[in-house]
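**Student:** After the structure tokens below, expect a handful of questions from me.
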């Protein structure tokens with residue numbers, strides 16, 4: 008599954024988040040910065056989302072501008088495994 012979120016504030020501004028800290032959260036397998044926020048690949052959304060929200064609250068990044076989940080696409084899997092988009 009993929010959890011996508013956008014911290015509050017302007018798109019493109021530094022949000023103070025980093026990939027290693029997000030990947031260290033329970034249930035998170037991978038994290039990547041996308042143009043309008045972050046995309047996390049998770050194996051257990053019911054574990055990852057509460058951990059993510061606690062992490063964001065500790066950083067003062069709530070409420071979120073956006074939070075959504077969807078099943079991983081082939082491109083999501085490719086990016087998680089290679090760290091690159093199909094178009095790169």
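In this note's numbering, the protein residues as written are 8 to 95. Glycine included, each C-beta is placed from N, C-alpha and C at the ideal position. What you are looking at is a predicted structure, and each value in this text was computed from that prediction instead of being measured.
Near residue 26, which residues of its chain fall below 6 Å by C-beta distance, leaving aside the five closest residues on each side in sequence?
**Tutor:** Once the five neighbours on either side are set aside, the close Cβ partners of residue 26 are 38.
**Student:** Please return the same chain residues whose Cβ sits closer than 8 Å to the Cβ of residue 41, not counting the five positions on each side in sequence.
**Tutor:** For residue 41, where only same-chain residues beyond five positions count, the Cβ hits under 8 Å are 11.
**Student:** Can you name, in chain order, every residue of its own chain whose Cβ lies under 7 Å from the Cβ of residue 55, other than the five neighbours on each side?
**Tutor:** Correct list, in chain order: 10, 32, 33, 34, 35, 47 and 49.
**Student:** Out of 51, 70 and 28, which has the shortest C-alpha to C-alpha gap to residue 78?
**Tutor:** Comparing Cα positions, the closest option is 51.
**Student:** By Cβ distance, which residues of its chain are closer than 6 Å to residue 74, with the 5 residues on each side in sequence left out?
**Tutor:** Hits under 6 Å: 12.
**Student:** Express the C-alpha separation of residue 45 and residue 76 in angstroms, rounding to a whole number.
**Tutor:** So the two alpha carbons sit approximately 12 Å from each other.
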